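Only one structure is covered here, and it is reproduced in the block below.
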Amino acid sequence: MPFTISHIAAVLPFRHVRKLSFTALIIGSMAPDFEYILRMTLYGHYGHTLTGVVLFDVPVSIAVYLLYQWGIRQSLFMHLPRVLYIRCYGFIHADWKTYLSTYPLWFLLSIIMGIFTHLLWDGLTHGSNYDFANYLTFLLIRIPVGRYHIPVHSILQGVSSIGGLIILVWYVWRMPVLTETAANEGDVHLFWILVVVLALLMFIVRLLIGIPNEKLIGQLIVIGMSAAGFSVAIVSIVYKVFKIN
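Following the working numbering, the numbering of the sequence shown begins with 318 at its first residue and continues without gaps.
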């Protein structure tokens, strides 16, 4: 799979479409990979199927959206490094409840659009694992690269993963800077120390439990993303519940 976060690049063109929720688009764009994240392993049955879209991707996306808005968003953005804080300050006090009650169907559409950008991207980069390759057979052609012959879809996967990350960095860097924004309200260093320590603990525990030998690098990437995501969520919620600055 491309790096899960790279999938966000596919929904950036819809950022300013009226009534669509950018947050829901982002969550939807990553939703099919949430099964890997929850399992903390590169293994899943449902997230990348049409049945799974209805039974897994959409419900989990709604749950993640509500959890993010209620318990993660404010704490996370208040403790971003300064270079990000001055670009994301406006998101701290977003009125998500009004949006959700006013445009519930647009919210749902945003999630579904995000999900299908993910499935389309994966379909072009996963060869015979998806039906795309049955029609776009050039995806299975092997290109000589040094001593290896790599399928076109694998090359697309690597290039699009890195390209997506570059686009995201560029997009964030180009976001308007609020130069008059006050200093962070909380202890940024302590927040991220807690995140890193907790993520490392979860990563180590998951390795000790045991992981499949298949696609070891992919397994480690998924475990790392899972640990980081869970850690950010847990620390943010703890800060929210106990009103820690």
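Backbone N, C-alpha and C define an ideal beta-carbon position, used for all residues, glycine too.
Note that the structure is a prediction, hence the values are computed from the model and not measured.
Residue environment, residue i, which counts as buried when at least 16 other CB atoms sit within 10 Å
i	result
F394	buried
M492	exposed
I458	exposed
A380	exposed
L437	exposed
D504	exposed
Y382	buried
C-beta contact flag for residue i and residue j at 8 Å
i	j	result
A348	G431	yes
Q536	T358	yes
G345	E352	no
S477	T454	no
R404	V489	yes
L337	S418	no
I343	G546	no
M542	T340	no
N501	Y363	no
G440	P468	no
V377	I429	no
I460	I472	yes
I540	F559	no
H470	L456	yes
K557	G407	no
First through last residue of the beta strand (DSSP E) which encompasses residue i
i	result
V462	R459 to V462
Y465	Y465 to P468
Per-residue DSSP class, three states only, for residue i
i	result
I528	coil
T454	helix
H362	coil
D374	helix
K336	coil
G480	helix
R404	helix
R399	helix
V494	coil
A411	coil
I344	helix
G369	helix
G475	helix
I588	Absent from the structure is residue 588, since the part of the chain shown begins at 318 and ends at 562.
I325	helix
Host alpha helix (DSSP H) of residue i (start-end)
i	result
T434	P421 to T442
I534	L533 to V558
Q386	Counting along the chain, Q386 falls outside any alpha helix (DSSP H), and DSSP gives it neither H nor E.
F320	No alpha helix (DSSP H) holds F320; DSSP gives it neither H nor E.
I354	F351 to R356
Residue i Cβ short of 7 Å to the ligand SAM heavy atom set
i	result
S477	For the structure depicted, the ligand SAM is absent and the ligand set is empty, with no information on it obtainable.
- Message: Is it the case that the segment 365 to 379 contacts the segment 394 to 413, given that we only count it when at least three CB pairs across the two stretches are under 8 Å?
- Response: Under the 8 Å Cβ criterion, the segment 394 to 413 does not count as touching the segment 365 to 379, having fewer than three qualifying pairs.
- Looking at C-beta atoms only, is the number of pairs between the segment 409 to 421 and the segment 512 to 526 that lie closer than 8 Å three or more? The segment 512 to 526 and the segment 409 to 421 do not touch, with fewer than three beta-carbon pairs separated by less than 8 Å.
- Message: When you compare the segment 321 to 331 with the segment 384 to 394, are there three or more beta-carbon pairs, one atom per stretch, that lie closer than 8 Å?
- Response: By the Cβ criterion, the segment 321 to 331 is not in contact with the segment 384 to 394, since fewer than three pairs of Cβ atoms, one from each stretch, lie closer than 8 Å.
- Validate contact between the segment 550 to 557 and the segment 499 to 515 using beta carbons, cut 8 Å, 3 pairs: Contact between the segment 550 to 557 and the segment 499 to 515 is present, because at least three Cβ pairs lie under 8 Å.
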